[in-house]
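Some notes on the structure that comes next.
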Amino acid sequence: MAKLVLIRHGQSEWNALNLFNGWIDTKLSEKGIAQAKEAGDLLAAEGIQFDQAYTSVLTRAIQTLHFALEEAGQLFIPEAKSWRLNERHYGALQGQNKAEAAEKWGDEQVHIWRRSYDVLPPLLDSYEETMTVQGNTYPAFDRRYADVPEGELPLGENLKITLERVLPFWESDISKDLKAGKNVVIAAHGNSLRALVKHLENISDDDILNVEIANGQPLVYDLADDLSVVSKKTLTK
461 MAKLVLIRHG QSEWNALNLF NGWIDTKLSE KGIAQAKEAG DLLAAEGIQF DQAYTSVLTR
521 AIQTLHFALE EAGQLFIPEA KSWRLNERHY GALQGQNKAE AAEKWGDEQV HIWRRSYDVL
581 PPLLDSYEET MTVQGNTYPA FDRRYADVPE GELPLGENLK ITLERVLPFW ESDISKDLKA
641 GKNVVIAAHG NSLRALVKHL ENISDDDILN VEIANGQPLV YDLADDLSVV SKKTLTK
């Protein structure tokens with residue numbers, strides 16, 4: 461029976477400033493570093509031995525993985541990074557203060573954009589517009605996405621599109637490791653992990669709205685050979 465552990469990255473610098481982060485590449489805050497290390501301590505106490513690690517290409521997730529594995533004494537395990545595990549792209553909301561966005565569009569509308577399954581946020585109108593938003597460089601200008609066809613790079617996403625982005629990597633890499641009996645840890649983001657949880661647990665479009673994954677609290681799945689969920693638990697102090 462394989463184990464799959466999901467870790468949402470610790471608080472980022474932009475999380476601390478209450479800004480929409482998305483694909484903007486920010487680092488962990490001091491609180492976020494502490495959360496990532498605590499995740500590693502919890503994993504060490506649980507005694508899970510990992511065979512493979514996965515993360516996104518965004519610094520806050522990579523840092524979380526490394527801090528957690530270091531604390532767990534398993535920094536040496538193989539790791540792979542993929543843009544498909546990135547956070548959802550918040551479109552024109554990226555770089556905006558969440559409270560100011562609520563004042564501009566209303567609390568209810570911003571809540572819908574943040575939590576609904578298939579409602580898109582305001583999209584960037586053009587690739588050029590990305591240069592006018594704080595830190596919001598279109599991914600085509602970032603060499604970490606050089607091998608990704610431009611048509612696959614988003615101008616904004618909802619959870620449905622995020623799931624459609626994540627699933628090909630799940631099928632091509634992650635699920636194969638799990639079916640081979642390997643224990644896998646994934647350090648990623650709130651929405652890319654919610655997408656995986658929706659898929660793993662067959663959660664409905666409506667019910668996924670109420671699913672929250674806490675920063676730095678590992679979610680541990682025991683999976684059968686067909687990757688159906690045998691059990692799950694969240695590790696906390």
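Each residue of the sequence shown is one higher than the one before, starting from 461 at the first, in my numbering. Just so you know, even glycine gets a beta-carbon here, dropped at the ideal spot from N, CA and C. Remember, it's a predicted structure, so these values are computed and weren't measured experimentally.
Same chain, Cβ closer than 8 Å to residue i, five either side skipped, listed in chain order
i, result
"Gly500", "Phe527, Ala528, Leu529, Glu530, Glu531, Ala532"
"Ala513", "Leu525, Leu529, Ile537, Pro538, Glu539, Ala540, Val644, Val645, Ile646, Ala647"
"Val465", "Leu503, Ile508, Phe510, Asn643, Val644, Val645, Ile646, Pro678, Leu679, Val680, Tyr681"
Among the options, nearest to residue i - alpha-carbon criterion
i, options, result
"Asn618", "Arg574, Gln523, Arg604, Leu627", "Arg574"
"Ser652", "Phe629, Lys639, Gly551", "Phe629"
"Thr694", "Val671, Ser688, Asp685", "Val671"
"Ile467", "Ala655, Gly676, Pro581", "Gly676"
"Gly492", "His469, Asp685, Asp637", "His469"
"Ala606", "Glu568, Leu580, Trp543, Glu560", "Trp543"
"Ala505", "Val690, Leu583, Ala684, Val680", "Val680"
"Arg654", "Leu638, Arg625, Asp637, Lys636", "Arg625"
Exposed unless 16 or more other CB atoms sit within 10 angstroms - verdict on residue i
i, result
"Ser472", "buried"
"Pro678", "buried"
"Ser632", "exposed"
"Phe480", "buried"
"Lys463", "buried"
"Gly551", "buried"
"Asp665", "exposed"
"Gln509", "exposed"
"Lys697", "exposed"
"Glu498", "buried"
"Ile668", "buried"
"His571", "exposed"
"Val482", "Checking the sequence shown, residue 482 turns out to be Gly, not Val. Looking at its Cβ environment, which holds 16 or more other Cβ atoms inside 10 Å, Gly482 is buried."
"Gln556", "buried"
"Ala640", "exposed"
"Arg603", "exposed"
Boundaries of the alpha helix (DSSP H) in which residue i is found, first to last residue
i, result
"Thr519", "519-531"
"Ile673", "Taken as a continuous stretch (DSSP letters only), Ile673 belongs to no alpha helix (DSSP H), as it is neither H nor E."
"Ser489", "Ser489 -> no alpha helix (DSSP H), and no H or E assigned at all."
"Ser576", "Careful: Ser576 lies outside any alpha helix (DSSP H) and carries neither H nor E."
"Arg603", "Run containing Arg603: none; DSSP gives neither H nor E here."
"Gly482", "Run containing Gly482: none; DSSP gives neither H nor E here."
"Lys658", "650-661"
"Lys697", "Segment: none, Lys697 is in no alpha helix (DSSP H) and carries neither H nor E."
"Glu560", "558-565"
Cβ shell of residue i (< 7 Å), same chain only, five flanking positions each side left out
i, result
"Leu627", "His659"
"Lys642", "Ala462, Asp511, Gln512"
Start and end residues, beta strand (DSSP E) containing residue i
i, result
"Asp682", "679-683"
"Ser691", "689-694"
"Lys541", "539-541"
Close Cβ partners of residue i (< 6 Å) along its chain, the five nearest in sequence each way excluded
i, result
"Lys558", "Asn478"
"Arg548", "Glu617, Thr622, Asn651"
"Leu545", "Ser516, Ala648, Ser652"
"Gln523", "Leu488"
"Lys620", "Tyr577, Asp578"
Coarse secondary structure for residue i, derived from DSSP in three states
i, result
"Ala462", "strand"
"Val626", "helix"
"Tyr550", "coil"
"Ala640", "coil"
"Lys497", "helix"
"Ala513", "strand"
"Ile508", "coil"
"Asn475", "helix"
"Leu619", "helix"
"Ile467", "strand"
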